[in-house]
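Numbering (the working numbering), first residue to last: 83 to 345. Here a beta-carbon is modelled for each residue, glycine too, at the ideal position from N, C-alpha and C. Computed from a predicted model, the values in this text were never measured in an experiment. First the structure, in the form of structure tokens, and then the observations on it.
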């Protein structure tokens with residue numbers, strides 16, 4: 083093997099490793115946003131029709147919870163204290179709709195952020211820079227995992243266990259269980275379809291948890307990516323201070339500093 087072929091192979095291996103590190107840095111965010119129909123990058127594994135289908139399902143689930151809950155609180159419930167207790171779940175549902183719409187409306191900006199991060203990873207020129215950025219990427223994944231564990235466990239356990247931790251109730255001379263999210267459905271009584279409502283309410287919790295964690299992951303990944311860029315810039319500054327002035331390195335320092343600010 084010639085020296086040129088060997089160098090080419092080394093470059094290909096480094097580029098492949100850099101791509102793998104970039105994919106690692108956005109993997110959790112991509113999974114959450116794809117599941118919620120909010121991932122802006124269309125690919126062979128995530129076609130446009132699948133994204134449209136997931137977005138439609140999420141819309142249905144969010145409105146299925148929010149509209150009946152709002153009607154129940156405004157029309158059925160007359161006690162102020164009970165209304166006050168219902169404000170919490172309802173406001174959380176409305177906030178998730180706001181987050182969902184915000185991400186969909188800003189998909190172009192989100193796509194630009196992802197492309198920006200990919201460019202930063204491709205600009206890595208040393209193993210030290212790569213390790214500094216990868217350490218921050220691992221921290222981002224850890225923070226996202228903590229968010230996912232706490233949100234999914236708390237949200238899903240509430241909707242899954244609420245009905246079975248309360249005593250059975252009698253509705254229309256039938257013994258049934260309370261629903262996690264009471265709602266007013268104009269055309270049918272939800273307690274007549276308890277099993278279906280139970281499954282749908284569990285799906286509501288899963289969807290809301292996914293949106294919450296997905297939006298949080300965007301902030302986590304972006305912040306930790308900037309931290310990685312700042313760490314690289316600091317390392318290059320120390321290198322210049324130790325090795326003496328280098329116009330090329332100094333130019334890269336200025337470029338990375340400006341890109342970190344612009345990001």
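{"Check": "Applying the criterion that 16 or more other CB atoms from any shown protein chain within 10 Å of the CB defines a buried residue, is residue 190 buried or exposed?", "Outcome": "exposed"}
{"Check": "Quick check: residue 262 and residue 280, are their CB atoms within less than 9 Å of each other?", "Outcome": "yes"}
{"Check": "Quick one: which unbroken alpha helix (DSSP H) runs of 4-plus residues sit fully inside the region 150 to 231? Chain order, please.", "Outcome": "162 to 187 and 189 to 204"}
{"Check": "Have a look at residue 238 and residue 143 and give me their C-alpha separation to the nearest angstrom.", "Outcome": "15 Å"}
{"Check": "Going by beta-carbon coordinates alone, are residue 155 and residue 172 separated by less than 9 Å?", "Outcome": "yes"}
{"Check": "Evaluate contact between the region 287 to 297 and the region 226 to 245, counting only Cβ atoms and requiring at least three cross-stretch pairs below 8 Å.", "Outcome": "yes"}
{"Check": "If you measure between the beta carbons of residue 322 and residue 331, is that distance less than 9 Å?", "Outcome": "yes"}
{"Check": "I need the straight-line Cα distance from residue 180 to residue 202, nearest angstrom please.", "Outcome": "31 Å"}
{"Check": "Just checking, does the region 303 to 312 make contact with the region 120 to 140 on the three C-beta pairs under 8 Å criterion?", "Outcome": "no"}
{"Check": "Have a look at residue 118 and residue 137 and give me their C-alpha separation to the nearest angstrom.", "Outcome": "7 Å"}
{"Check": "What's the C-alpha gap between residue 198 and residue 184?", "Outcome": "20 Å"}
{"Check": "Can you list, in chain order, the residues of its chain with a C-beta nearer than 7 Å to that of residue 157? Leave out the 5 residues immediately preceding and following it.", "Outcome": "266"}
{"Check": "Among 271, 200, 145 and 301, which residue has its Cα nearest to the Cα of residue 115?", "Outcome": "301"}
{"Check": "Compute the distance between the beta-carbons of residue 208 and residue 242, then report whether it is under 9 Å.", "Outcome": "no"}
{"Check": "In three-state DSSP terms, what is residue 306?", "Outcome": "helix"}
{"Check": "Determine the DSSP secondary structure at residue 262, reduced to helix, strand or coil.", "Outcome": "coil"}
{"Check": "Rounded to whole angstroms, what's the CA-CA distance from residue 107 to residue 315? Just pull it up for me.", "Outcome": "19 Å"}
{"Check": "How about residue 104 and residue 200: are their beta carbons less than 9 Å apart?", "Outcome": "yes"}
{"Check": "Would you mind stating whether residue 214 and residue 121 have Cβ atoms separated by less than 9 Å?", "Outcome": "no"}
{"Check": "Check whether the Cβ atoms of residue 124 and residue 133 sit closer than 9 Å, and answer yes or no.", "Outcome": "yes"}
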